[in-house]
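Under full-length UniProt numbering, the first residue of the sequence shown is numbered 1, with each subsequent residue one higher.
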Amino acid sequence: MSVQETVLVGTDGSEPALTAVRWAALEAQRRGTTLTVLHAYDEDWSAMPGLPWPHPPGDPRDHAEAVVATAREAATGAAPAITVHTVVVPGDPAATLVGHATTAGLTVVGHRGRGGFTSLMLGSVGQRVATRARCSAVVVRGRTVAFTDPVAVGADGSPAARVAMAAAFGVAHVRGAALLAVHAYREPLPSGLTGREIAAADMLDRLLDPLRKEFPDVPVGTLVHAGPAARLLVGVSHQAQLIVAGAHEAGGLPGPITWQLLHHADCPVLVAR
């Protein structure tokens, strides 16, 4: 990814969205690029009767400008030196973000916004952006992470996982972080190393070898474990600052493991493309 490509973040003024704005601002600072804050709004509140949350009084455009002004303050508070651009347009939030993502290096959203409920694991905007954006996308979710924690990535040898591994090494390099490569294999829990576990560890080392050479400054740890990959990766997310996953299906859509991470991970999730 070129450092000239902006980091794009969507906001609706909710606290999860502002958390995503701060995360995106710090990421733009690390990458040496600009931040673009986007807010898409509905021009006619009266066209949406029965909303489960109250709409603000007054002109929708004025409210939209206030939302973006708050987001700009959050961004510059997190990363004072970055250049922040703002976009305020009427339209569907997810579709507008996906459209602008064609010229971004990374798109960032919160795990839910004003239209979400605490019982929903991933809001509709986050879901649509993560599945449809043409560039890599981050859903900011989970706990407040420590930047001394590793960047984690699943590795199974698939083309999508190879893209995710390359992205994870790049992120770890920029952040000065360690990388944890995780591989799950199907076998009942063994006592000690089994033939399959040894083979899985060897396969993981072969996948990592060229990336270790490309990024010699990135410390690399590995975790090879029997059991469902999604459950293992969600467990790892409790000790990671970011978990990187691939878009497995045709058209760049997330596969079932990535989908589980988007809904259950305890740290931000990057869907690499």
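Even glycine gets a Cβ: it sits at the ideal position worked out from N, Cα and C.
- Arginine 143 sits exposed, since fewer than 16 C-beta atoms from the chains shown fall within 10 Å of its C-beta.
- Of the candidates Trp23, Gly32, Ala66, the residue whose Cα lies closest to the Cα of alanine 40 is Ala66.
- For arginine 72, the closest alpha carbon among the candidates Gly10, Ser124, Asp156, Pro93 is that of Gly10.
- The beta carbon of glycine 227 lies closer than 7 Å to those of Ala184 in the same chain, with the five residues before and after it left out.
- With a cutoff of 8 Å on beta-carbon distance, alanine 81 and glutamine 29 are scored as near each other.
- With respect to arginine 22, alanine 104 sits apart: the two C-beta atoms are not nearer than 8 Å.
- DSSP, read as helix, strand or coil, puts proline 268 in coil.
- Annotation: the continuous alpha helix (DSSP H) that includes threonine 76 extends over 60–78.
- Note: leucine 223 is bridge-paired with Val182 in the DSSP secondary-structure output.
- The DSSP-derived three-state label of threonine 83 is coil.
- In this structure, valine 153 and alanine 178 do not form a Cβ contact; the two beta carbons are roughly 12 Å apart against a cut-off of 8 Å.
- Annotation for phenylalanine 215: Phe169, His173 place their beta carbon closer than 6 Å to its own, counting only its chain and skipping 5 residues before and after.
- The continuous stretches of alpha helix (DSSP H) do not include histidine 111, and DSSP gives it neither H nor E.
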